[in-house]
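Sequential numbering of the sequence shown, starting at 11, is according to this note's numbering. Since the structure comes first, as structure tokens, the remarks are kept for the end.
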Amino acid sequence: MDKLRSIHASAYAASAGVVVTVILTLAAELSESFKTWLAVFTGHHWVSKSWVSIIIFAIFFIFVRASNKNPDSIQTRKSLFILELAIIAGFIIILGFFTLEFFKH
């Protein structure tokens with residue numbers, strides 16, 4: 011049961027990380043000042059986005075794992091499905107954004 015708890019929490023935490031990373035990526039591409047601000051922390055905006063993603067993952071993992079003591083297999087499957095949707099949506103959004111940017115120039 012503890013394994014399901016960690017899988018469940020990891021899936022939600024990874025989903026949050028994907029969403030935040032997509033938002034940060036789009037914001038950095040749309041605002042040069044935001045990209046520069048991100049680079050101030052670690053020397054490069056990609057590294058800063060990675061650290062933010064790691065921190066978001068850790069926070070969500072701890073919160074979800076602590077709040078859901080005994081997820082069943084259905085809840086775990088649901089959290090994994092949400093992760094799959096987040097990954098697919100993030101991919102489509104990033105691909106669409108950069109494709110539009112390519113054709114605008």
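C-beta atoms are modelled at their ideal positions from N, C-alpha and C, and glycine is treated no differently.
Nearest residue (CA-CA) to residue i, options the options
| i | options | result |
| --- | --- | --- |
| Phe70 | His54, Ala24, Ala37 and Ile92 | Ala24 |
| Thr109 | His18, Ser58, Glu39 and Glu94 | Glu39 |
| Ile65 | Lys13, Asp82 and Ser20 | Ser20 |
| Ser58 | Asn78, Leu34 and Asn80 | Leu34 |
| Ser16 | Ser41, Gly53, Phe44 and Arg87 | Arg87 |
| Leu14 | Thr46, Pro81, Ala37 and Phe44 | Pro81 |
Contact set for residue i: own chain, Cβ-Cβ below 7 angstroms, skip 5 residues either direction
| i | result |
| --- | --- |
| Ser89 | His18, Ala21 and Tyr22 |
| Gln8 | Absent from the model: residue 8. The displayed extent of the chain is 11 to 115, so no value can be given. |
Inter-residue CB distance, residue i and residue j (contact presumed, cutoff 8 angstroms)
| i | j | result |
| --- | --- | --- |
| Val32 | Ile104 | 6 angstroms |
| Val62 | Val30 | 6 angstroms |
Residue interval of the alpha helix (DSSP H) (run including residue i)
| i | result |
| --- | --- |
| Asp82 | Neither: Asp82 is in no alpha helix (DSSP H) and is coded neither H nor E. |
| Ser43 | Glu42 to Thr52 |
Same chain only: Cβ atoms within 6 angstroms of residue i, ignoring 5 sequence neighbours per side
| i | result |
| --- | --- |
| Ala26 | Ile66 and Phe70 |
| Ala49 | His55 |
Proximal residues to residue i (C-beta, below 8 angstroms), its chain only, five neighbours per side dropped
| i | result |
| --- | --- |
| Glu111 | Glu39 |
| Gly100 | Val28, Val29, Thr31 and Val32 |
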